[in-house]
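Number of protein chains: 2
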Amino acid sequence: MSIVRPWNVPNQNHKRVTLHDVARHVGVSKSTVSLVLQDSPSVSDKTRERVLRGIDEIGYVYNRKAAALRQHQQDGLMGVIVNGLNTPYSGEILNQLEQVALAGGIVPMFASSGERLEQQEKLVRLYMEHKVAGFILCPVPGTTSSVLDKIWRNGFPLVQLMREVPFGQFPAVVADNRAGTYAATRHLIGLGHKHIAFVGGREDISDYHERVAGYRDAMNEARLSMPSGYVYPIPQSRAAGRQALKAVLDYDARISAVVCFSDLMAYGVLSMSRELGITVGRDLAVVGFDDLVDSRLTYPALTTVRVSTADFARSAMELLQLYIRDQQAPLERRVLPVTLVTRESCGAPQS
Amino acid sequence: MSIVRPWNVPNQNHKRVTLHDVARHVGVSKSTVSLVLQDSPSVSDKTRERVLRGIDEIGYVYNRKAAALRQHQQDGLMGVIVNGLNTPYSGEILNQLEQVALAGGIVPMFASSGERLEQQEKLVRLYMEHKVAGFILCPVPGTTSSVLDKIWRNGFPLVQLMREVPFGQFPAVVADNRAGTYAATRHLIGLGHKHIAFVGGREDISDYHERVAGYRDAMNEARLSMPSGYVYPIPQSRAAGRQALKAVLDYDARISAVVCFSDLMAYGVLSMSRELGITVGRDLAVVGFDDLVDSRLTYPALTTVRVSTADFARSAMELLQLYIRDQQAPLERRVLPVTLVTRESCGAPQS
DNA sequence: TAATAAATTTGGAACGATCCAAATTAAATC
DNA sequence: GATTTAATTTGGATCGTTCCAAATTTATTA
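These protein sequence lines map, in sequence, to chains A and B.
If you read the first sequence in the working numbering, its first letter stands for residue 318, the second for the next number, and so on.
If you read the second sequence in the working numbering, its first letter stands for residue 318, the second for the next number, and so on.
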């Protein structure tokens with residue numbers, strides 16, 4: 318396993334301006350310049366001023382690699398691995414994470430696993446080589462706790478985002494999935510629906526089971542029957558949503574409501590409804606999950622379960638920061654609250 | 318200007334396994350281990366084998382920082398700064414860029430400027446401190462060529478993506494914006510429209526002017542009049558699209574077609590049309606720009622100008638690689654071809 | 001087998017910052 | 001002005017690699 322060489326880069330000739338150069342230019346020692354950089358109180362205002370000016374004059378750029386080398390490890394990078402860069406929900410989370418991270422002086426490195434185990438592994442290794450301070454990770458289905466354990470034991474703290482590895486003892490920030498679909502399903506039941514399907518999600522990911530459980534809770538509570546064909550798992554995408562609607566209606570034409578694993582799935586359901594001549598909000602009720610920004614502008618506007626992406630980001634960063642400070646800190650698992658936001662897609666009066 | 322400290326991280330105690338440890342464990346010199354890592358041909362198969370095993374046994378992780386320090390500079394990072402992480406178009410580009418980059422052994426660092434100059438500047442400085450090999454940058458409106466010049470003169474090659482700084486002599490990859498809106502407008506004219514508006518875009522960004530120019534070209538060619546209110550620039554978002562439609566219809570109720578600066582704007586236009594009881598495809602023709610994945614599933618499906626995000630990514634990386642190899646390489650500016658994809662939103666038969 | 005050539009392996013000097021203890025300078029006290 | 005004390009400044013040693021010239025081992029040839 319030899320190292321990956323980034324392209325074929327000629328050893329850069331461009332002579333680097335170093336701390337030493339600044340020192341010489343200003344006429345002090347390199348130690349002094351270093352002290353100024355980390356604004357130590359033990360340097361006089363006069364010299365600080367002079368050094369600062371000198372830095373500007375010769376265009377010095379701080380070298381974090383050299384610094385990190387000396388001060389044993391990390392230089393303010395953080396690895397964030399999500400399932401996809403171009404899925405709308407990830408986009409919103411990334412955006413939030415970036416803001417929180419930069420505010421804390423941390424530079425996030427985002428990447429997507431594409432739901433592929435070997436890609437995830439490759440990224441993890443690469444990021445470890447770059448000595449990230451820690452990982453925020455949305456584990457690919459099939460990730461074993463031994464994979465996470467290897468990361469952790471190498472000295473890299475990690476927090477799981479959105480999903481969890483089964484039986485693993487690692488920090489995580491997840492939505493209250495069960496409560497979300499429970500509320501959604503209850504809402505539909507309250508509107509008089511009797512035949513309610515659940516579509517989308519992958520059976521090998523933790524959040525799927527939680528969301529199905531919430532749906533089942535509500536259905537059982539109302540003593541409504543759920544034949545096997547009412548639950549239709551499928552990896553999420555708009556296209557899958559289209560397919561799923563067709564599948565459940567084929568199974569039982571009486572189905573008058575579907576709770577979707579995600580908004581993305583719901584978009585597909587909406588699209589297929591149009592194609593089948595079904596009017597959503599009247600003939601069919603649809604609930605999503607996530608509350609993407611698009612969801613208030615779909616036609617009809619989508620009733621959905623909201624999870625705050627800002628909360629996700631903030632909680633994840635807080636936890637990660639905790640474990641970076643102290644890897645031995647007690648294990649914490651945060652469950653974020655969800656709220657049902659009713660719009661037009663269920664035909665109910667808007668909230 | 319003192320350096321930004323990433324949180325308050327205790328000097329990591331976790332004893333690092335170094336190349337030296339591997340050497341001692343295997344019983345060779347550190348130089349040999351280093352040679353194995355870079356799979357040099359001058360090491361015998363037997364020792365290579367032994368070293369590789371040793372690396373596994375004691376769980377060594379390559380330290381790119383140390384390496385980069387010695388080999389004068391970069392360690393395979395690349396800075397990518399786009400305008401937003403959560404805009405659909407960026408998501409698609411990021412996704413493509415990541416794939417191309419990783420395939421080349423480069424780890425991309427994505428960030429968003431949020432269209433704010435000072436944020437862009439901060440990111441650039443941060444990335445320079447991390448010694449990225451180069452930048453791919455979608456310049457914030459208002460970016461002067463002197464800003465880019467500073468980056469370039471510091472030894473960091475850069476390629477502009479999607480937009481260009483005025484009068485700057487820097488490499489760029491842009492879409493053939495003018496041809497795109499020209500084709501879109503001609504399409505509408507061909508369908509018999511006489512009152513055609515152009516909505517969206519910021520006047521301080523290069524692509525806006527190009528797209529408006531394409532629209533004007535077609536209008537002039539057909540001798541159609543364009544009173545000032547027909548062109549309605551506004552920073553893009555769905556909400557802006559809604560507002561824009563209202564504005565142009567207020568200005569002239571005869572307007573029967575709008576070419577939008579982007580698909581995102583078009584989504585807003587679609588949404589507002591519904592609200593106003595206007596049937597798109599019959600009463601109003603709408604054309605977008607970008608061809609987001611969503612655009613084939615909107616209602617009605619959006620006619621739009623496609624620019625391949627894969628082409629964008631590949632071209633940008635090729636150029637960057639070129640300049641990383643040789644900063645003196647002749648200036649290149651790539652204009653990517655566009656194609657009009659006709660769907661339902663103009664009422665024309667689908668292509 | 002000795003001499004030569006080729007193939008491997010190796011120690012030590014970088015790289016550019018930080019940290020520490022020691023040296024210098026300035027301020028405060030007698 | 002001499003001492004003590006506090007405030008600044010400073011030279012090395014160090015972090016974990018790579019690179020180089022030199023040393024060692026192995027293979028080839030006379």
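Where a beta carbon is used, it is the ideal one built from N, C-alpha and C, also for glycine.
Checklist entry - For F606 (chain B), is the classification buried or exposed, using 16 other Cβ atoms within 10 angstroms of its Cβ as the cut-off for buried? => result The sequence position of residue 606 (chain B) within the second sequence is 289, counting from 1. So F606 (chain B) ends up on the buried side.
Checklist entry - Nearest CA to the CA of L478 (chain B): which residue from B:S523, B:N380, B:V597 and B:Y616? => result In the second sequence, the residue the question calls residue 478 (chain B) occupies position 161. For the residues B:S523, B:N380, B:V597 and B:Y616, the minimum Cα distance to L478 (chain B) belongs to B:S523.
Item to check | Reference G585 (chain B), options B:G546, B:V575, B:G598 and B:Q560, closest by Cα | outcome: Translated into the one-based positions of the second sequence, residue 585 (chain B) becomes position 268. G585 (chain B) has its Cα closest to that of B:Q560, out of B:G546, B:V575, B:G598 and B:Q560.
Item to check | Cα-Cα separation between Q644 (chain B) and R650 (chain B), rounded to whole angstroms | outcome: Along the second sequence, read from residue 1 onward, the residue named residue 644 (chain B) stands at position 327. Along the second sequence, read from residue 1 onward, the residue named residue 650 (chain B) stands at position 333. Per the coordinates, the alpha-carbon of Q644 (chain B) lies some 15 angstroms from the alpha-carbon of R650 (chain B).
Next on the checklist: If I follow the unbroken beta strand (DSSP E) through L478 (chain B), where does it start and stop?
Outcome noted: Counting from 1 along the second sequence, the entry for residue 478 (chain B) is found at position 161. Taken as a continuous stretch (DSSP letters only), the beta strand (DSSP E) holding L478 (chain B) covers L475 to L478.
Checklist entry - Is there at least one Cβ from chain B nearer than 8 angstroms to V378 (chain A)'s Cβ? => result Here residue 378 (chain A) refers to the residue found at position 61 of the first sequence. Under the Cβ distance rule, V378 (chain A) counts among the residues neighbouring chain B, one pair being separated by less than 8 angstroms.
Checklist entry - Is it true that the CB of V597 (chain B) sits closer than 8 angstroms to the CB of L587 (chain B)? => result Sequence index remark: in the second sequence, residue 587 (chain B) carries index 270 (1-based). Sequence index remark: in the second sequence, residue 597 (chain B) carries index 280 (1-based). Result yes, Cβ atoms of L587 (chain B) and V597 (chain B) sit closer than 8 angstroms.
Checklist entry - Do the CB positions of A574 (chain A) and A602 (chain A) come within less than 8 angstroms of each other? => result Your numbering for residue 574 (chain A) matches position 257 in the first sequence. Your numbering for residue 602 (chain A) matches position 285 in the first sequence. A contact, by the Cβ cut-off of 8 angstroms.
Next on the checklist: If you measure between the beta carbons of A420 (chain B) and I398 (chain B), is that distance less than 8 angstroms?
Outcome noted: Within the second sequence, residue 420 (chain B) is the residue found at index 103, counting from 1. Within the second sequence, residue 398 (chain B) is the residue found at index 81, counting from 1. The answer is no: Cβ separation not under 8 angstroms.
Checklist entry - How would you call F452 (chain A), buried or exposed, if buried means at least 16 neighbouring beta carbons within 10 angstroms? => result Translated into positions along the first sequence, residue 452 (chain A) becomes position 135. That one is buried.
Next on the checklist: Could you check whether the Cβ of R650 (chain B) sits closer than 8 angstroms to any Cβ belonging to chain A?
Outcome noted: Translated into the one-based positions of the second sequence, residue 650 (chain B) becomes position 333. For R650 (chain B), the answer is no, since every Cβ of chain A falls outside 8 angstroms of its Cβ.
Item to check | Residues of the stretch 340 to 374 of chain A with Cβ closer than 9 angstroms to any Cβ of chain B, in chain order | outcome: Within the stretch 340 to 374 of chain A, the residues whose Cβ lies closer than 9 angstroms to some Cβ of chain B are V353, L354, Q355, D356, L369, I372 and D373, listed in chain order.
Next on the checklist: Assuming I453 (chain A) is part of the beta strand (DSSP E), what are its boundary residues?
Outcome noted: Taking the first residue of the first sequence as position 1, residue 453 (chain A) is located at position 136. Note, I453 (chain A): beta strand (DSSP E), F452 to L454.
Item to check | Uninterrupted alpha helix (DSSP H) stretches inside the stretch 556 to 643 of chain A (no shorter than 4 residues) | outcome: Fully contained in the stretch 556 to 643 of chain A are the following alpha helix (DSSP H) runs of length 4 or more, in chain order: 580 to 593 and 626 to 642.
Checklist entry - Which residues in the same chain as G401 (chain A) place their Cβ atom closer than 6 angstroms to its Cβ, once the five residues preceding and following it in sequence are excluded? => result Here residue 401 (chain A) corresponds to residue number 84 of the first sequence, with the count starting at 1. Counting only Cβ-Cβ distances below 6 angstroms, and skipping sequence neighbours, we find S407 and S429.
Checklist entry - When burial is assigned at 16 or more other CB atoms within 10 Å of the CB, is E409 (chain B) buried or exposed? => result For this step, residue 409 (chain B) is matched to residue 92 along the second sequence. Looking at its Cβ environment, which holds 16 or more other Cβ atoms inside 10 Å, E409 (chain B) is buried.
Item to check | Through-space distance from S542 (chain A) to G609 (chain B), alpha-carbon basis | outcome: Counted from its first residue, the second sequence places residue 609 (chain B) at position 292. Counted from its first residue, the first sequence places residue 542 (chain A) at position 225. For the record, residue 609 (chain B) in the displayed sequence is Leu; it is not Gly. Straight across, the Cα-Cα distance linking L609 (chain B) with S542 (chain A) is about 40 angstroms.
Checklist entry - To which residues does DSSP link I551 (chain B) through a beta bridge? => result The residue labelled residue 551 (chain B) in the question sits at position 234 within the second sequence. I551 (chain B) is bridged by DSSP to B:G518.
Checklist entry - Span of the alpha helix (DSSP H) holding I398 (chain A)? => result On the first sequence, residue 398 (chain A) is found 81 positions in, with the first residue counted as 1. First-last for I398 (chain A): L394 to V399, but that is the beta strand (DSSP E), not the alpha helix (DSSP H).
Checklist entry - Under a three-way DSSP split, which group does A646 (chain B) fall into? => result As a working mapping, residue 646 (chain B) is identified with position 329 in the second sequence. In this structure, A646 (chain B) counts as coil in the three-state DSSP scheme.
Next on the checklist: On the DSSP letters alone, give me the boundaries of the beta strand (DSSP E) that V490 (chain A) sits inside.
Outcome noted: To locate residue 490 (chain A), count along the first sequence from 1; it is residue 173. Taken as a continuous stretch (DSSP letters only), the beta strand (DSSP E) holding V490 (chain A) covers A489 to A492.
Item to check | Nearest-angstrom Cα separation, counted from Q436 (chain A) out to L653 (chain A) | outcome: Working through the first sequence from its first residue, we reach residue 653 (chain A) at position 336. Working through the first sequence from its first residue, we reach residue 436 (chain A) at position 119. Each residue's alpha carbon lies about 28 angstroms from the other.
Checklist entry - Using a Cβ-Cβ cut-off of 6 angstroms (strictly less than) and excluding sequence neighbours within five positions of V457 (chain B), which residues of its own chain qualify? => result Your numbering for residue 457 (chain B) matches position 140 in the second sequence. By the criterion of a C-beta distance shorter than 6 angstroms, V457 (chain B) is surrounded in its chain by S430, E432, L434 and Q437, once the five residues flanking it on both sides are discounted.
Item to check | Beta-ladder partner(s) of F427 (chain B), from DSSP | outcome: Numbered from 1 along the second sequence, position 110 holds the residue referred to as residue 427 (chain B). DSSP output for F427 (chain B) lists B:V397 as bridge partner(s).
Item to check | Residue-level contact to chain A via CB, K382 (chain B), 8 angstroms cutoff | outcome: Residue mapping note: residue 382 (chain B) aligns to position 65 of the second sequence, counting from 1. Contact of K382 (chain B) with chain A is assigned, a C-beta pair being separated by under 8 angstroms.
Checklist entry - Is L653 (chain B) helix, strand or coil when you go by DSSP? => result As a working note, residue 653 (chain B) is residue 336 in the second sequence. Looking at L653 (chain B) - three-state DSSP - the assignment turns out to be strand.
Checklist entry - Using 8 angstroms as the limit for Cβ to Cβ distance, is H447 (chain A) near chain B? => result As a position in the first sequence, residue 447 (chain A) is number 130, starting the count at 1. At least one chain B Cβ lies under 8 angstroms of H447 (chain A).
Next on the checklist: With a threshold of 8 angstroms, are at least 3 pairs of Cβ atoms found where one atom belongs to the stretch 485 to 505 of chain B and the other to the stretch 618 to 627 of chain B?
Outcome noted: Taking 8 angstroms as the limit for Cβ pairs, the verdict is that the stretch 618 to 627 of chain B does touch the stretch 485 to 505 of chain B.
Checklist entry - Of all Cβ atoms in chain B, is any one closer than 8 angstroms to the Cβ of N471 (chain A)? => result Looking up residue 471 (chain A) in the first sequence gives position 154. Yes, its Cβ sits closer than 8 angstroms to a Cβ of chain B.
Checklist entry - Which term fits D392 (chain B), buried or exposed, when burial requires 16 or more other beta carbons within 10 angstroms of its beta carbon? => result Counting from one through the second sequence, the residue named residue 392 (chain B) turns up at place 75. With 16 or more other Cβ atoms within 10 Å, it is buried.
Item to check | Candidates A:V449, A:R571 and A:P617, of which the one nearest N471 (chain A) by Cα | outcome: Position 154 of the first sequence, counted from the start, is the residue given in the question as residue 471 (chain A). That would be A:V449, whose Cα lies nearest to the Cα of N471 (chain A).
Next on the checklist: Relative to the C-alpha of E481 (chain B), which candidate in B:S579, B:E527, B:T502 and B:K439 has its C-alpha closest?
Outcome noted: By one-based count along the second sequence, residue 481 (chain B) stands at place 164. Across the set B:S579, B:E527, B:T502 and B:K439, the C-alpha of B:E527 shows the shortest separation from the C-alpha of E481 (chain B).
Checklist entry - Sorted by chain position, which residues of the same chain lie with C-beta nearer than 7 angstroms to I468 (chain A)'s C-beta, five sequence neighbours on each side aside? => result Within the first sequence, numbered from 1, the residue matching residue 468 (chain A) stands at position 151. V441, F452 and L475, listed in sequence order.
Checklist entry - How is V345 (chain B) classed by DSSP in three states: helix, strand or coil? => result Sequence index remark: in the second sequence, residue 345 (chain B) carries index 28 (1-based). Coil at V345 (chain B), not helix or strand.
Checklist entry - Does DSSP put V658 (chain A) in a helix, a strand or coil? => result Along the first sequence, read from residue 1 onward, the residue named residue 658 (chain A) stands at position 341. In the structure shown, V658 (chain A) sits in a strand (DSSP, three-state: E or B).
Checklist entry - Rounded to a whole number of angstroms, what is the C-alpha to C-alpha distance between V326 (chain B) and Q413 (chain A)? => result On the second sequence, residue 326 (chain B) is found 9 positions in, with the first residue counted as 1. On the first sequence, residue 413 (chain A) is found 96 positions in, with the first residue counted as 1. Bear in mind that a pLDDT of 48 at V326 (chain B), under 50, signals an unreliable position, so the model cannot answer this.
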